[in-house]
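**Q**
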Amino acid sequence: MPDLAPTVAVIGGGQLARMMAEPAAALGIPLRLLAEAEGVSAAQVIPDTIIGDHRDIEALRKVTSGAAVVTFDHEHVPTDHLHALADAGVAVRPAPEALVHAQDKAVMRERLTQLGLPCPRWAVVHSPEEIEALGLPCVLKVTRGGYDGRGVWIIRSHHDAEEAFAQSEATGARVLAEELVDFHRELAAVVARSPSGQAAAYPIVASTQLDGICHEVVSPAPDLAPELATRAQQLALTIAKELDVVGILAVELFETRDGRVLVNELAMRPHNTGHWTQDGAVTSQFENHLRAVLDLPLGSPAPRAPWTVMVNILGGPAEQVGRLYDGYPHALARDPRLRVHLYGKELRPGRKVGHVNAYGEDLEDCLARARHAAAWFRGDLGNESE
Ligand code: ADP
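Residue numbers (the working numbering): 10 to 395.
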């Protein structure tokens, strides 16, 4: 038998698990995956894959048997199951007591408010009337199960309130109403924290969302006041410590026009706003997530270049299906410094299927290169050859 490091079980076969495989291979850390189906994104690159449902305790027991620790590609594993695994002696990282704050937006709001940390004004609501009583416009959210903008509605009228409340109530989750923040832009703070309490904070980034989906991330956030950047990093480190998060914590933030930061939501796994670290930081978020869950010393989060821009590749028009690889000759020849990350996913319009990172000395140049490449893969540039 080769001299193997402890096995890390990962629940969920999406692109985040797939991207953990690269640093795992470099560090010689075996991964064992619980994937929802054969051939999904992470299952293509992790040979030790078990197919099963993350809501099935037997599947969870099977994938964690003999593993030193279990971690996640998504936050949807029921906390009861995680408690059962922990009771059976499995190191669950992050632990269910922390993870619940990334699963349930009302629990997260309650806790952050208790800690005195800055959030938009919020309330759990039980009727359209209660929403209107808070004052319109506002934002309505399901507290569980929403992602990429699904389960989020902007409420401007009585009609909106009735319609969105009916839709959100139908999910069976509690319903949260929030003040509609008139933000200047969206920021994100990504930090890694290990069980022994070591923490590393990446630079604060700016992210652009369209229809609730992250499209573009710039690191560091341009023109961010240094004092606000420090405050945002400290906020994320405080949340990581107070909630006892292990692994990566991503804190999505609103930068208000009057120079404050408010917490939007939390993720306790590598996050889209941290993908730039694969090529733009000394240690990627994926590597630091693995180091953290194994309680190894963390790697430096320092940037490798003054600027890194990440642009997501989304599935383009239906006629482009199956043509991602066709984009390589042009994209790679045009920009030899471009870094491409594809997820092995079937193309569907609007679906995240990969991203590109461009780093360098000049922000405008990085933006242009990354945007061009992503648009090229998406098929938006037609057959122009430039
Ligand atoms: P998801 O869980 O789908 O990522 P979010 O809570 O992050 O949902 O909301 C998706 C997007 O909706 C955010 O990125 C932001 O652009 C917008 N949004 C969410 N909450 C608010 C708010 N209180 N005020 C203004 N915009 C908001």
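The beta-carbon is built from N, C-alpha and C at its ideal position, and this holds for glycine as well.
In chain order, what residues of the same chain lie with their CB nearer than 8 Å to the CB of residue 27, ignoring the 5 residues before and after it?
**A** Cβ within range, chain order: 50, 51, 53, 54, 55, 352, 353.
**Q** Expressed to the nearest angstrom, what Euclidean distance is found between the alpha-carbon atoms of residue 161 and residue 13?
**A** Looking at the two C-alpha atoms, the distance is approximately 44 Å.
**Q** The beta strand (DSSP E) that contains residue 319, what's its start and end?
**A** Element bounds for residue 319: 316-323.
**Q** I need the DSSP call for residue 66, collapsed to helix, strand or coil.
**A** Residue 66: helix per DSSP, three-state reduction.
**Q** Look up residue 203 in the DSSP assignment and say whether it is helix, strand or coil.
**A** DSSP places residue 203 in coil when its eight states are reduced to three.
**Q** Which two residues bound the contiguous alpha helix (DSSP H) that contains residue 378?
**A** Note, residue 378: alpha helix (DSSP H), 372-387.
**Q** Could you tell me whether any non-hydrogen atom of the ligand ADP is closer than 7 Å to the CB of residue 291?
**A** Because no heavy atom of the ligand ADP lies under 7 Å away, the Cβ of residue 291 does not count as near it: no.
**Q** How is the alpha helix (DSSP H) around residue 118 delimited, first residue to last?
**A** Where residue 118 is concerned, the enclosing alpha helix (DSSP H) stretches over 114-123.
**Q** Is the distance from the Cβ of residue 112 to the Cβ of residue 153 below 8 Å?
**A** Contact flag set, yes.
**Q** Which residues count as close to the ligand ADP when the rule is a CB under 7 Å from any of its heavy atoms, in chain order?
**A** Going by the Cβ distance cut-off, the answer is 114, 129, 148, 150, 155, 156, 157, 158, 159, 160, 161, 187, 188, 189, 190, 192, 195, 218, 221, 261, 263, 273, 274.
**Q** Could you spell out the range, first to last residue, of the alpha helix (DSSP H) harbouring residue 302?
**A** It spans 294-302 - the alpha helix (DSSP H) in which residue 302 sits, taken as one unbroken run.
**Q** Give me the residue from 317, 321, 386 with the minimum Cα distance to residue 375.
**A** Ranking the options by Cα distance to residue 375, first place goes to 317.
**Q** Check this for me: beta carbons of residue 249 and residue 270, under 8 Å apart or not?
**A** Contact: no.
**Q** Ignoring anything shorter than 3 residues or poking outside the stretch 125-153, list the beta strand (DSSP E) runs there in chain order.
**A** List check, beta strand (DSSP E) in window: 131-134, 147-151.
**Q** In angstroms, rounded to a whole number, what distance separates the CA positions of residue 7 and residue 142?
**A** With the chain covering 10 to 395 only, the question about residue 7 has no answer from this structure.
**Q** Look up residue 155 in the DSSP assignment and say whether it is helix, strand or coil.
**A** Coil at residue 155, not helix or strand.
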